[in-house]
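Sequences listed follow chains A and B, in order.
Residue numbering for the first sequence follows full-length UniProt numbering, starting at 1 and increasing by one per position.
Residue numbering for the second sequence follows full-length UniProt numbering, starting at 1 and increasing by one per position.
Backbone N, C-alpha and C fix where the C-beta goes; we use that ideal spot for every residue, glycine too.
Protein chains: 2
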Amino acid sequence: MFSKVLVAEDYEIANQGIIKVLNDKIGIHNIEEAKYCDDAYLKFRKAHNDQEVFELLITDLSFREDHKIQTRTSGIELIKDIRSIQPDIKVIVYSQEDRPDKINMLFENLNIDGYVCKGQDAIQELVACVQGVYQGNTVWPPEITNNSAANTMIHLDDLDIILLEELSQGFTKKEIRIKLKKQNISPNSESAIDKRVSKLFDDFKAKNTTHLVAIVKDLGIL
Amino acid sequence: MFSKVLVAEDYEIANQGIIKVLNDKIGIHNIEEAKYCDDAYLKFRKAHNDQEVFELLITDLSFREDHKIQTRTSGIELIKDIRSIQPDIKVIVYSQEDRPDKINMLFENLNIDGYVCKGQDAIQELVACVQGVYQGNTVWPPEITNNSAANTMIHLDDLDIILLEELSQGFTKKEIRIKLKKQNISPNSESAIDKRVSKLFDDFKAKNTTHLVAIVKDLGIL
DNA sequence: GACTCCATTACAGAAATCTGTATTGACATC
DNA sequence: GATGTCAATACAGATTTCTGTAATGGAGTC
């Protein structure tokens with residue numbers, strides 16, 4: 001089992017709850033906790049420098065800004081930063097988020113190892129998740145695997161996300177074309193972008209760009 | 001002080017926490033709790049029918065669907081439903097939400113009496129809020145009153161919200177014009193709508209409709 | 001090589017958006 | 001009554017969006 005774990009969660013109650021579960025139900029005792037994102041990062045860096053690395057990070061996604069100045073506002077950045085230094089660290093996200101698309105993004109883009117949804121069965125799920133991740137598995141929350149939405153999930157590649165992002169920022173297709181050309185991203189003709197976006201219209205049953213952006217914002221993809 | 005209070009909050013820990021605070025710090029003992037929105041509504045109805053009405057509702061905004069079938073998914077509907085029956089009931093919202101615009105909407109549109117942000121100082125804030133509301137005040141969370149954003153808040157009237165809502169659903173201005181005409185809402189020429197939306201562009205510094213909708217979605221106005 | 005399949009690109013036209021200017025009418029002030 | 005203000009409306013044009021069709025070229029199959 002994991003011998004050293006870092007828990008990043010800003011609510012003290014939840015924080016203590018996680019530690020208690022790891023302690024009592026799984027038998028992990030070497031646990032460090034952090035209530036702030038920056039704090040978690042510093043503890044990680046220290047352990048890494050001291051050659052006593054954490055094997056598992058359990059983190060929330062959203063951190064309140066609080067009084068302390070936070071450079072990292074979200075757990076996503078924390079994961080990226082930590083993974084850039086120690087790519088093999090296992091990561092479990094423990095969050096309120098329950099939108100399938102957003103959770104899907106975490107697995108696809110951030111390559112997290114497990115996800116536990118804050119809820120009524122969080123304790124059981126957390127135990128199963130930690131054990132599964134330790135065995136090298138990717139552990140999806142039951143909300144997702146049981147949900148048919150996950151199966152009919154619309155697959156979005158990097159370009160789709162870029163287009164959605166640019167559109168949501170109000171750039172015209174001409175501007176986007178120029179941007180893509182500058183960054184040497186392959187399909188960069190206006191008509192090709194049109195085609196892509198039209199496909200997104202179909203996928204999300206959107207009437208126009210504005211509707212599309214509203215939908216993906218609601219789904220939490222952006 | 002309030003003698004009978006209804007607490008609607010789906011997380012058991014938070015639920016118990018609120019009750020404990022009301023008990024220990026304020027001396028309210030006649031408290032009923034509900035973990036589901038529908039449950040809260042039924043308890044309210046029963047009390048109302050029995051002529052032993054609740055004087056205060058403390059409710060979360062978002063409720064998990066859980067296994068139980070819920071007709072009311074959000075606390076907003078719960079507040080609306082309860083207020084339609086007992087308009088003078090005091091309402092305090094206790095939620096994770098910290099976006100000024102959304103909180104502002106709660107006060108402006110739902111006429112809630114107080115708001116407490118789930119966070120590190122929630123206990124103190126809750127006590128102050130309940131006491132303030134009991135004295136007939138409207139109690140805003142310190143996050144908002146201290147925040148300059150609240151002062152520079154953009155004021156949106158009903159029409160603005162309607163327009164944003166329709167636009168986000170992908171309706172064209174022609175369609176919106178027809179809809180408004182049908183509902184006898186006053187400015188319903190396409191150019192007047194254009195003007196309104198242009199003003200929203202200025203207010204939110206949006207480049208176009210798509211950008212505008214993305215911004216207000218992020219702000220939580222929609 | 002001939003063929004299909006598929007993604008990119010090009011082009012074109014109808015519809016919608018966005019940005020001006022101008023007119024009207026209601027309302028208040030002097 | 002004259003004046004100014006403001007919102008609603010009308011109109012116009014330049015730009016952008018959206019939706020077609022068609023041409024091009026690469027990758028794989030026979």
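For residue i, does the count of other Cβ atoms within 10 angstroms reach 16, so buried, or fall short, so exposed?
i, result
"I185/A", "exposed"
"H155/B", "exposed"
"P100/B", "buried"
"E175/B", "exposed"
"residue 247/B", "The question about residue 247/B has no answer, for chain B in this structure spans 1 to 222."
"N109/B", "exposed"
"D88/B", "exposed"
"M105/A", "buried"
"F171/A", "buried"
"D10/A", "buried"
"G75/A", "buried"
"G114/A", "buried"
"K217/B", "buried"
Counting only Cβ pairs nearer than 7 Å, list the residues of chain B close to residue i.
i, result
"T210/A", "L167, S168, G170, T209, T210 and V213"
Between residue i and the rest of its own chain, which residues show a CB-CB distance below 6 Å, the 5 nearest in sequence each way excluded?
i, result
"A206/B", "L212 and I215"
"S148/B", "Note on S148/B: pLDDT 48, under 50, position unreliable in the model; the coordinate value appears next. Taken in chain order, the list of residues that qualify is empty."
"G132/B", "V139"
"A150/A", "With a pLDDT of 46 at A150/A, under the threshold of 50, the modelled position of this residue cannot be trusted, and the question is left open."
"I123/B", "V21"
"P187/A", "none"
"L42/A", "none"
So which residues on chain A does residue i lean against when the C-beta distance must stay under 9 Å?
i, result
"A206/B", "G170"
"K217/B", "S168, V213, A214, K217, D218 and L222"
Do you know whose CA, among the options, lies nearest residue i's CA?
i, options, result
"E125/B", "L6/B, V21/B and Y11/B", "V21/B"
"I112/A", "M1/A, A192/A and I58/A", "I58/A"
"I162/A", "L6/A, E97/A and L200/A", "L200/A"
"N30/B", "E52/B, T210/B, E9/B and Y41/B", "E52/B"
"N23/A", "K182/A, C37/A, K4/A and D39/A", "K4/A"
"A40/A", "N109/A, I79/A, I28/A and Q16/A", "I79/A"
"I92/B", "F63/B, P100/B and W140/B", "W140/B"
"S168/B", "D157/A, L222/A, T71/A and N208/A", "N208/A"
"L56/A", "I82/A, F63/A, D202/A and R64/A", "I82/A"
"N15/B", "F2/B, E32/B, I26/B and M1/B", "E32/B"
"C117/B", "D157/B, E166/B, I18/B and L222/B", "I18/B"
"F220/A", "Y134/A, K25/A, E97/A and N137/A", "For clarity, residue 220/A is Gly in the given sequence; the question names Phe instead. Comparing Cα positions, the closest option is E97/A."
"D160/B", "N49/B, V127/B, R196/B and I28/B", "R196/B"
"R64/A", "A34/A, K90/A, H48/A and A47/A", "A34/A"
"K90/B", "M1/B, Y134/B and N49/B", "Y134/B"
"V7/B", "M1/B, F54/B, K182/B and P142/B", "F54/B"
"F107/B", "N137/B, I28/B, M1/B and S62/B", "N137/B"
"I26/B", "D121/B, V130/B, D50/B and Y94/B", "V130/B"
"P142/A", "D158/A, E77/A, I103/A and S62/A", "I103/A"
"S62/A", "E77/B, I28/B, S62/B and G119/B", "G119/B"
"I28/A", "M1/A, A128/A and D50/A", "M1/A"
Ordered along the chain, which non-local residues of its own chain (more than five positions away) have a Cβ less than 7 Å from that of residue i?
i, result
"K173/B", "E190, I193 and D194"
"L180/B", "N188"
"H48/B", "I85 and Q86"
Using a Cβ-Cβ cut-off of 8 Å (strictly less than) and excluding sequence neighbours within five positions of residue i, which residues of its own chain qualify?
i, result
"R45/A", "I85"
"D203/A", "I154"
"S198/A", "none"
"E165/A", "L222"
- Message: Restricting to runs no shorter than 4 residues, where is the alpha helix (DSSP H) found entirely within the segment 33-110 of chain A?
- Response: 37-49, 75-85 and 100-109
- Residue ranges of each alpha helix (DSSP H) run of no fewer than 4 residues wholly in the segment 150-222 of chain A, ordered along the chain? 158-168, 173-182, 190-204 and 209-219
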